[in-house]
Structure formats: structure tokens, C-alpha cells
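Input: a single structure, listed below in C-alpha cells.
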Amino acid sequence: MSESLTGKRGREEQNSPRQRRKKKGPGVAGVRFSADSELDIASGSVASIPSTSSIPAKPEGSTSRSKRLTKGAEARWNQDEELPPPLSGHAPQPIAEPAVATTEEIEEVPKERKQGQAAAMTAVLPFLPTIQKYILAGFVHPGLGAAKCECGSQVSPTFRCLDCFNSPLWCQSCVWKAHQLNPFHHIEMWDGQRFVPRLYDQPIPIHPGCGGQSCPHTSQASSPPRTPLTICHESGLQEATIQWCQCPERAAERWEQLLAVRLFPATFKEPRTAFTFGVLKQFQVHALASKKSAYDYIKALCQLTDNEAPDTVEKRYREFLFACRLWRYLALERRTGQAHNFDVHVPHRRLQSLALRCPACPEVGFNIDAEMIDSAPENEKHKYTLFVSADGNFKLQRKNKRDDLNDIALNGGKAFFGPKAETTAYVKRVPKSEDPRTCSHLKASKMQNTAKFKNCVISGVVAIQCARHGFYLPQAMIDLLKGEGFAFTDFALSYGLGKEAQSLHWITLTYDIWCQYRIKLLERIRTNFPDMLPIFEKVDGAIGKLHILGHEKKCIFEFNLNLLYFVGLLTGELIETGWAEHNLTGGSTREMNDGHRHDVIDGTSDHWNWDKLVRLATSLRNAMRDAKSLERTRRENFEQLDKALRERHPADVPKWNAIYDSRNVGEGGAVFQVQFGKDGPPTHAAQYMKLIEEEPALSDGDARRKGDVLLISLGLEAEDSQEKIKRLVALSATDSTVLSARQKLAKDITTYRTRLLRRIPSLEEMMDISASNGD
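Structure (C-alpha cells):
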């Protein structure tokens with residue numbers, strides 16, 4: 001059993017009395033066999049064969065019960081002898097006496113599970129009546145019936161606040177005073193039978209100036225009457241009155257007075273509706289995190305206002321939608337620093353950008369300087385390479401419906417979509433042409449041009465992300481018209497790289513159709529974006545590790561990230577994960593006007609980048625830890641292989657080193673390709689059938705040698721089953737799956753050893769046949 005796979009529990013099982021027993025009889029010719037040993041048929045040498053004893057054990061501490069799957073002799077371990085050196089690539093096994101086990105006990109380990117919700121629900125059921133009792137007690141108040149209020153007035157207190165913690169009962173005067181600075185709390189009044197939502201004879205007036213107090217410059221004669229105002233708060237919609245401030249140093253405009261007290265006006269002429277900053281921020285979080293629509297959010301606020309008759313609440317959906325668009329744009333300005341004149345600190349970047357950029361990708365003037373790139377040795381090329389990915393999404397469509405031509409995107413092409421005017425001019429200028437697509441994988445891509453986009457004026461988008469960290473690049477998104485064309489990707493990539501990429505030496509693009517996209521890339525850039533040609537001349541590419549599997553053999557060898565230099569463990573598929581977030585908004589954005597749709601998609605992209613940013617330190621730390629562990633394991637494996645090959649083939653080492661140094665990778669940069677005949681590469685089944693045909697000639701008339709091919713095949717299949725079980729355990733497969741595989745392996749080993757006994761009868765006295773009928 002491999003210690004690296006089984007750990008402490010495996011070592012304990014190897015040393016347990018059940019696994020290690022004293023031998024009963026002498027060996028044959030002084031030779032001792034492991035439970036995992038095989039007598040080579042041709043030469044009589046011993047080689048390791050698979051055994052259930054080398055199957056990874058379940059984690060320590062889990063309960064288990066032993067289950068005998070098949071009958072057979074139990075291994076009898078020799079605890080007095082030392083382990084011999086391994087004779088094969090398998091891990092050394094405990095020495096067994098000549099009685100070779102045909103089967104072993106296989107432990108079925110039930111998976112430990114945490115307490116589920118059902119168990120917790122069962123435990124709390126006895127407490128439900130008590131919980132209900134306390135909830136019902138909240139519909140009344142222990143202070144009811146008092147003759148006078150705590151303030152000393154002779155008025156009986158009948159008001160309470162649902163938002164104040166542990167609210168007492170107040171008279172109207174007290175509750176008014178207590179809520180001068182909390183005018184949006186929910187006040188209820190006892191009507192003799194129950195508490196009902198009711199403010200007072202008059203709502204608490206809102207004073208936007210003078211610290212919430214009545215303005216000293218306000219007089220009954222000079223000031224205008226109090227203005228009714230509908231306030232949209234996190235807890236619902238409320239009717240209020242506002243007394244405008246008349247102080248000469250205060251802002252004269254009413255909408256400015258509202259903003260000064262964190263109320264966002266729905267109009268800037270004569271505001272009659274205002275939204276608290278809190279409700280706008282809360283909706284933005286809900287819209288981005290849970291993809292809730294503005295309509296559903298307002299509907300919920302109406303139910304919070306009056307759950308008995310929500311339809312009687314005057315909805316403010318149109319006003320709310322207007323305020324949310326403005327709030328989203330202003331929040332984007334603050335986050336990207338444009339509200340703080342951030343461009344002064346990063347003069348190398350494009351001006352007025354509203355896109356949150358990746359701080360970990362190489363950017364000259366931000367996290368590296370030009371001298372570092374110029375002096376970078378080749379073996380550090382991966383540190384200074386900008387890795388980007390391109391991909392299309394065909395669920396972010398827009399229906400062909402009547403559009404408001406005056407509706408514009410507030411971001412104005414400064415966030416993740418390119419400038420509107422330049423995009424429109426480019427699409428009109430670039431001729432429609434069928435891009436040559438010879439790779440069979442691209443037939444599916446070509447099918448995107450069919451009836452899938454019926455009644456859609458926009459069929460989707462193409463976007464560019466940094467391939468290592470998953471940040472959308474600025475201005476690197478463009479709407480698609482009836483399918484994905486190379487010209488659209490050219491535009492997105494050109495604007496995404498922008499002037500920030502001028503000082504970079506290496507840029508790697510992963511694209512699922514790179515094999516075709518690259519063919520006339522420089523020619524198209526020279527025609528449409530001549531200023532970007534020096535940058536695109538530095539671009540090389542590859543195909544993501546998932547999409548590469550569907551390409552032709554030539555693509556697999558030439559554009560496979562597993563076979564390219566200086567790309568590390570880049571997958572090239574990270575951009576696919578971002579589409580899952582965008583697709584949740586697709587049902588809403590396909591119904592929107594063009595400008596509003598762009599703002600919403602920009603907002604989702606910004607939220608994605610922000611979520612990546614706040615987790616970047618943790619993700620990079622975890623990636624570093626995993627990379628070090630993987631590098632250590634691979635280095636140890638390579639060193640073991642290198643040592644073995646140097647010992648076995650010392651004369652070939654200089655030749656191998658020369659081959660590596662020359663990097664003779666063949667035409668077009670592809671690795672060496674093995675050329676097979678029409679029958680394809682050699683397979684286990686093909687070789688088995690070939691040996692079966694040749695077996696009569698190889699046996700030389702010796703009947704005992706017939707069946708040797710089958711015996712060898714059974715041993716190889718058992719080894720393969722053993723490796724599959726190791727993978728299942730490593731992937732945390734279910735106990736039933738692992739147990740089923742182990743049962744099959746035990747049966748295969750029994751079959752193999754039974755046939756081995758028939759082939760070599762001299763092994764009979766080394767096998768404890770009687771144990772097969774024992775316990």
C-alpha cells in the first residue's frame with residue numbers, strides 16, 4: 001500500500017495483526033512473494049501485479065465495517081523479513097509468505113455527513129409553539145392601558161415604533177420628538193383592538209436644512225407652504241411633508257436641498273418623489289448579486305407598505321427606474337476614480353475610463369516599468385506576458401422592437417462597450433464577408449447564423465477578458481449582428497488592448513476559433529486599425545483547453561496550451577465563467593432600449609470585475625500554494641524518471657539533451673506528430689487480437705502455453721482498474737462508486753490468479769486453498 005496515498009491509517013493497517021501474520025511454512029527455493037507479485041510466465045521472474053491492498057484507504061477516523069466480497073485465501077504476511085527493493089514501478093508491498101492471497105477483505109466505509117437541515121428541523125419542532133407565542137405577543141404591548149405617558153402628560157400613550165429597538169409606548173407629542181431625525185420609521189397606533197399603521201394627525205415634517213430643525217428664516221408669511229413628498233425608503237413608500245430651508249447660505253434649488261439630506265429626487269424641476277440613498281444602494285446590490293429587476297423590487301416595496309392592499313399604493317416604477325440609471329452611472333464614476341480626478345495619477349491610461357482594470361496583469365506605468373520588460377530573460381517571459389481571452393455570447397440579445405432614439409447610454413462608450421459613434425461607423429465600413437472556416441470544429445460556430453436570431457436586431461456580444469484573472473478589459477465589448485464575425489472581434493480586441501499595450505513585448509490571445517481567426521488577422525488590422533498594427537504583431541495565440549478537444553488533430557498539436565512554452569497552467573477558458581453572470585440578466589436586457597441595455601451590461605461587467613478584485617489576494621495566494629505543491633510533485637516525479645533513464649540509457653542522455661535544446665518542434669511551431677496508418681494508433685484491443693492470432697504459432701505445440709495472451713490481458717486490465725480506483729478516491733467519488741469499483745477489481749484479481757494457478761501448477765502449494773472456504 002502506498003504510504004503517500006493512504007497516510008497514517010494505511011500504515012496502521014499494514015502493521016495490524018489482521019494484515020501481518022507469521023508464515024506457517026517455508027518458501028519455495030527461498031523465494032518469497034508479495035501479495036502483489038506475479039511470476040513472469042516466460043522467465044520466471046517476479047513482478048508486481050495489482051492488488052486491493054494498494055487501493056487508497058478512506059480518511060482516518062471514519063467508521064468502517066469489513067465485508068468479504070469473494071472467497072479466497074487470506075494473505076499471510078511475513079513480519080520477520082525486510083522489504084526487498086521494488087522490481088517494478090509499483091510501490092513496495094509487504095512481504096507475504098508463499099501462500100499468495102487470491103482475495104482480500106475490502107472495507108466499506110460509510111461517508112460521514114454533517115447534520116443536515118432535516119435533523120435540525122426535527123430538533124426545533126418542540127420549540128415552535130413557544131416561538132409562536134412570542135411572535136403573537138409582539139402584536140400587543142405591555143404598556144397598553146397606562147393612564148398617562150412617561151413624559152408626564154395626561155394623554156394615554158398609544159403609539160409605538162416598529163423600527164426602534166424595544167420601543168416604548170409614546171403619546172403623539174413624544175413620538176414626534178423622538179423621530180425628528182428618523183422620519184421614515186414605521187409608526188403604529190393602538191385603536192382599541194389592534195395596532196394599525198398610522199402616523200398622526202399630521203406627518204412629521206422634513207427639514208432638509210438647519211440640522212433637521214425648523215429653519216429660523218422661515219416665517220408663516222414669507223415661506224411657501226409645506227410640500228407633500230413621496231419618499232421611497234428601504235422599508236416601503238411613505239407620504240411626507242417637507243419644509244424647504246430659507247437660509248441665504250443654503251442652496252436655493254429644492255433638488256439640491258434633497259440631495260444634501262441623502263434624498264435623490266425623481267425630477268429636477270418640482271420634485272414630488274424622492275428616493276433615499278439607502279434604497280438606491282440596496283437595489284443596486286440586489287440587482288447585481290441576485291439579478292432582481294426594478295419592477296419586482298418596487299412591487300416588494302409596495303407590499304411592505306401595505307400588504308393587505310398593495311395595489312392601492314401609488315407605484316413609482318418609472319421614477320425609480322430613472323433614478324437607478326443615474327445612480328448606477330454615478331457609482332461607476334466613484335468606483336473607477338473619475339469622480340476624484342484619477343486620470344492625473346495614471347496618465348498612461350485612456351482618459352475618463354469607467355472600467356475597473358485588472359491590477360495583476362502587466363501594465364507599464366502601473367505595476368511594472370519598461371526597463372523590467374526590456375531586460376527580462378526568456379525564462380521569465382511568462383511574468384511579463386499579457387494573456388487575454390476572446391469569446392462570444394449569444395444570449396445577450398436585443399429584440400427588434402421600437403426603440404427610443406433619444407435614449408443614450410450614460411456611460412457613453414467609456415466603460416466596457418466601445419464608443420457608439422466609432423462602433424457604428426466601423427460596422428458600416430467593414431464589408432460583410434464569409435470568413436473561411438476549414439476546421440471541422442467551426443461548423444457549430446457557423447450555425448450561429450441561422451434562425452436562432454430571428455426577431456433580434458442584436459444577436460449577442462463579443463468580449464475580451466484577461467485570461468489569468470478574469471477581468472473584462474475596457475471598451476472590449478461589441479454587439480454582434482447575426483452571428484460572430486472576425487471583424488467584431490478585431491474591434492473588441494483593438495479597443496481592449498488600446499494604448500496601454502504599446503510597451504508590452506508579449507501578448508497571448510486564447511480564442512476558441514484561433515486556428516481560423518489568426519489567418520488574416522494582421523491584414524485586417526492593417527486595413528482597419530493601422531495604428532494598432534505594431535501591437536498585433538506581438539500577438540500569438542492558442543485555443544482553450546476545453547475547446548481544443550473538439551478541433552482537428554493539426555490544431556490540437558499546434559495551438560494546445562499544454563504544449564506551448566511560457567504559458568504555465570493557463571486554461572484559456574476563464575472567460576466562459578463570466579457569461580453565467582451575464583446570462584442571468586439576458587431576459588431583461590433583450591427588452592431594453594439600446595442605451596439602457598449597454599448601461600446594464602456595463603454594470604454587470606463592473607460588478608464582475610469588482611468581485612474579482614476583492615478576492616484577488618486570496619485567489620492569488622491559493623494559486624501560489626497550489627502551484628508550489630504541484631511543482632514539487634512534478635519535480636520529484638521528473639527527477640525519479642530522469643535518474644532511472646540515466647541509469648538505464650547513459651549513452652543516450654547527450655542526444656536527448658541536444659534534442660531539447662534545439663526545440664525541434666516541427667513545421668509551424670507544432671510539436672512532433674506521430675503518423676499512424678489507416679488503423680490509427682495502437683490500442684490494447686488491437687494488440688490483444690493480434691497476439692490471439694499469433695498464439696498458436698508462438699506456443700510451439702505446447703498446450704500449456706495456450707491462454708497466455710488472455711492471462712496477460714487480464715493482468716493489464718486489473719492494473720487499469722486499480723488506477724481508476726485511485727482516481728476515484730482522489731476525486732472524492734461516492735462510497736458506492738468506489739465500493740463497486742473495488743468489488744470488480746477483487747473479482748478480476750481472483751480470476752487472474754485462478755488462471756495463473758492453472759498456467760503454473762507449481763504455485764498451488766504456495767496458495768492457501770483452504771482459506772477460500774474459511775472465514
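In terms of the UniProt record's numbering, the numbers along the sequence shown are unbroken and rise by one, the last being 775. Note that CB positions come from ideal geometry on N, CA and C, so glycine has one too. These figures come from a predicted structure and were not determined experimentally.
Kindly provide the ranges of any alpha helix (DSSP H) runs that are 4 or more residues long and lie completely inside the stretch 120-199, ordered along the chain. 128-137, 172-178
Under the three-state reduction of DSSP, which class applies to ASP531: helix, strand or coil? helix
I'd like to confirm the pairing. Which residues does DSSP put opposite ILE458 in its beta bridges? ARG398
CYS161 and ILE131 - do their beta-carbons sit closer together than 8 Å? no
Per DSSP, what are the beta-bridge partners of ASP540 in this structure? THR508
Measuring only the C-alpha atoms, how far is THR734 from LEU691? 38 Å
DSSP has CYS232 in a bridge; who is on the other side? LEU237, PHE275
Closest to ILE458 by CA distance: which of PHE471, GLN475, LYS177, ASP479 is it? ASP479
If I measure Cβ to Cβ from THR273 and keep anything under 6 Å in the same chain, skipping five residues before and after, which residues do I get? THR230, ALA266, ARG316, GLU319
Short of 8 Å in beta carbon distance, which residues of its chain neighbour LEU288, apart from the five on each side in sequence? Order them along the chain. GLY603, THR604, HIS607
Please report how far the alpha carbon of LYS381 lies from the alpha carbon of PHE529, in whole angstroms. 27 Å
Whole angstroms are fine: how far does the CA of LYS292 sit from the CA of GLU249? 42 Å
Is ASN393 buried or exposed, if buried means 16 or more other CB atoms sit within 10 Å of its CB? buried
Across the stretch 534-548 and the stretch 572-582, are there enough close Cβ pairs to call them in contact, namely three or more that are closer than 8 Å? yes
Give the secondary structure of GLN79 by DSSP, where H, G and I count as helix, E and B as strand, and everything else as coil. At GLN79 the pLDDT is 39, less than 50, meaning the model places this residue with poor confidence and gives no usable figure here.
Supposed contact pair LEU356 and LEU620 - C-beta distance, whole angstroms, cut 8 Å: No, LEU620 and LEU356 are not in contact; Cβ-Cβ is about 17 Å, not under 8 Å.
Which two residues bound the contiguous beta strand (DSSP E) that contains ALA339? It is not in any beta strand (DSSP E) - ALA339 carries neither H nor E in the DSSP assignment.
Straight-line Cα distance separating ARG518 from LEU504: 20 Å
GLY578 versus TYR565: straight-line alpha-carbon distance, rounded: 27 Å
According to DSSP, is CYS361 helix, strand or coil? coil
Buried versus exposed call for GLY192 [16 or more other C-beta atoms within 10 Å across all chains shown]: exposed
Let me know the secondary structure DSSP gives THR385 once reduced to three states. strand
CB of VAL539 within 8 Å of CB of ILE513, strictly: no
Which parts of the stretch 577-641 are runs of the beta strand (DSSP E), unbroken and 3 residues or longer, counting only runs that do not cross its ends? none
With a threshold of 8 Å between beta carbons, is GLY116 in contact with chain D? Here chain D cannot be found, since the structure has a single protein chain.
3 or more residues per run - each beta strand (DSSP E) lying fully within the stretch 242-267: 263-265
Segment limits, alpha helix (DSSP H) that includes GLN743: 735-759
The beta strand (DSSP E) spanning MET477 covers which residue range? 472-480
Rounded Cβ spacing between PRO129 and GLY143 (contact assumed at less than 8 Å): About 26 Å separates the two Cβ atoms, so there is no contact after all.
Residues near HIS469 by beta carbon distance below 7 Å, same chain, minus five either side: CYS358, ALA360, CYS361, LYS612, LEU616
What would DSSP say about GLY392, mapped onto helix, strand or coil? strand
Assuming SER353 contacts PRO474 under a Cβ cut-off of 8 Å, what Cβ separation, rounded to an integer in Å, is found between them? 5 Å
On the three-state DSSP scale, how would you describe ASN367? coil
Go ahead and pull the three-state DSSP assignment for ASN406. coil
Could you tell me the distance, in whole angstroms, from the CA atom of ARG727 to the CA atom of GLU717? 15 Å
Measure the alpha-carbon distance for LEU69 versus LEU731 and round it to whole angstroms. Confidence at LEU69 is low in this model, with a pLDDT of 35, below 50, so the placement of that residue should be treated as unreliable; the coordinate-derived value is given next. Whole-angstrom Cα-Cα distance: 24 Å.
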